[in-house]
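Numbering (the working numbering), first residue to last: 45 to 406.
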C-alpha cells in the first residue's frame, strides 16, 4: 500500500524567493511540459490564474484514508462566461468542462496527474490569500510522491500490485521535478494581474441613479473574513498539515492592503443565510471604491491588466461614465448615458462580444 508519509526531512523556505535562478528554473520546468503554449502571455496569465482560483476555484487534497489520492482542482464559471471557460481550457490544454444540470454555472475540472502539476507550477508564488495553504498542501503531495519513487531501490523484485503501481508512478513523473514552494505574493497590487483574476471571480462595477440627477459609481470586491484552515510552516509532513484545521486564517491583511492601495476604507458585514432548515452567519470584508481619485486608480489598474470574463464589457461601459463625469460632472447628459448603459449591463446584459480575449495573447 502506497504511503506518502515516509519520514522525509526535506523542508522548503517560507520566504518568497526572488533570485533569477529559481524563476528561470520554474520557467524552464513549465516550458518543458506538453501543456506549454507559446501563444500565452504567461507574465499576465500566471497571477491572473492565481487570482481566479482564489476567488472561484477549489483545490482538493486527500486526508486520512484518502491521503494517497492525487489532488484535484476545479473552477466555477457563470454560464454566461462559458466562452472564457472554454478558452482557458483550449489555451492551457488542461482539464474538461462539466455542465451542471442544476444551477446557472459550469465547472472546469482538472484531475489528470500532469495537468494538476502544471497548474500548481503556474500559480506557485502568485497567490495572495489564505487559500495559498491549499496550494502548498497540493505541492507537498506531489513532492512527496516524487521523492517516494526517486528514492526507491529499483533493483528489488516487484511483487503484487507493486508490479503495476511502481512502473505507473515512475511513468507519471517522467520529466517532472520537485516544485520549490513559494510564499504568498506580497508585492504591490499594481505589479501584476492577480486582482484582475480575483475581480473576474468576485468583484463588480456598479452604478446607481438618483432622482434623474445624479450617478454614483462603485468598484466593489467582497470576500469572506476567515479561511477554514490556518497558515503553517511549509514542510513535507502531510499528517501535521492535515491536523491543523479549523483554526481560521483571516483575510483581513490582504483586504486591508487592497483598501489602502485604492485609498478607501475596508468595511465588514454579517449576514444570516438560510441553508435548508438551518441558518448560518456569513461574515465578509468589503473593499468599495467610490471617490473620484480612487475610481481613476481603478481605471488605471484594469486598463493595464484587462479582465477576461464578461465583466470586461461591464467595465468598459462603466469607464464611459467615469470619463464623462471627469469632463462634464453630474450633468443630465451623464445621467442619460448611465440610464442607457444600464439596459445592457451586469445582470441585465443580453449582448456579449468576446473580442477582448485576444488581449490574452499579446
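Positions of the beta carbon are idealized from the N, C-alpha and C atoms, including for glycine.
Every value quoted in this text rests on a predicted model; they were computed, and no experiment measured them.
* May I ask you to verify whether the segment 113-124 touches the segment 145-155, counting CB pairs closer than 8 angstroms and requiring at least 3? => yes
* Asked: Does the segment 180-189 touch the segment 245-258, meaning 3 or more C-beta pairs lie closer than 8 angstroms?
  -> no
* To do: Please determine, among 342, 305, 322, 335, the residue with the shortest C-alpha to C-alpha distance to residue 231.
  => With distances taken between Cα atoms, residue 231 lies closest to 305.
* residue 312 lies in the beta strand (DSSP E); which residues open and close that run? -> 310-319
* Asked: Tell me the DSSP bridge mates of residue 152?
  -> 119, 141
* Asked: Who are residue 262's beta bridge partners in DSSP?
  -> 250
* Asked: With burial defined as no fewer than 16 other Cβ atoms inside 10 Å of the residue's Cβ, what is the status of residue 93: buried or exposed?
  -> buried
* When you compare only the Cα positions, how much space is there between residue 90 and residue 112? -> Taking the straight line joining both Cα atoms gives about 28 angstroms.
* **Start and end residues, alpha helix (DSSP H) containing residue 362** => 355-372
* Considering residue 158, what are the terminal residues of the alpha helix (DSSP H) in which it resides? -> 157-167
* Can you tell me whether DSSP reads residue 77 as helix, strand or coil? -> Here residue 77 sits in coil by DSSP.
* Alpha-carbon to alpha-carbon, residue 255 and residue 66 -> 58 angstroms
* Asked: From 70, 384, 393, 359, pick the residue whose C-alpha is nearest to that of residue 264; which is it?
  -> 359
* To do: Please work out which residues of its chain come closer than 6 angstroms, Cβ to Cβ, to residue 266, disregarding the five sequence neighbours upstream and downstream, and give them in chain order.
  => 328, 330, listed in sequence order.
* Taking 8 angstroms as the CB-CB limit, is residue 392 close to chain C? -> Absent here is chain C; the protein component of the structure consists of one chain.
* Identify, in the order they occur along the chain, each residue of the same chain with its Cβ nearer than 7 angstroms to the Cβ of residue 221, setting aside the five sequence neighbours on each side. => 73
* Rounded Cβ spacing between residue 148 and residue 183 (contact assumed at less than 8 angstroms) -> With a Cβ gap of about 33 angstroms, residue 148 and residue 183 do not count as contacting.
* Asked: Is the beta carbon of residue 315 sitting closer than 8 angstroms to the one on residue 326?
  -> yes
* From residue 227 to residue 165, what distance separates their C-alpha atoms? -> 13 angstroms
* To do: Rank 261, 229, 298, 401 by C-alpha distance to the C-alpha of residue 343 and give the top, closest one.
  => 261
* Tell me where the beta strand (DSSP E) around residue 101 begins and ends. => 101-104
* Asked: By DSSP, does residue 50 sit in helix, in strand, or in coil?
  -> At residue 50 the pLDDT is 29, less than 50, meaning the model places this residue with poor confidence; the figure from the coordinates comes in the next sentence. In this structure, residue 50 counts as coil in the three-state DSSP scheme.
* To do: Hey, could you find the ends of the alpha helix (DSSP H) residue 302 is sitting in?
  => 296-305
* How should residue 387 be labelled, buried or exposed, when 16 other C-beta atoms within 10 angstroms of its C-beta is the threshold for buried? -> Exposed, because fewer than 16 other Cβ atoms sit within 10 Å of the Cβ of residue 387.
* To do: Using beta-carbon positions only, say whether residue 131 and residue 357 come within less than 8 angstroms of one another.
  => no
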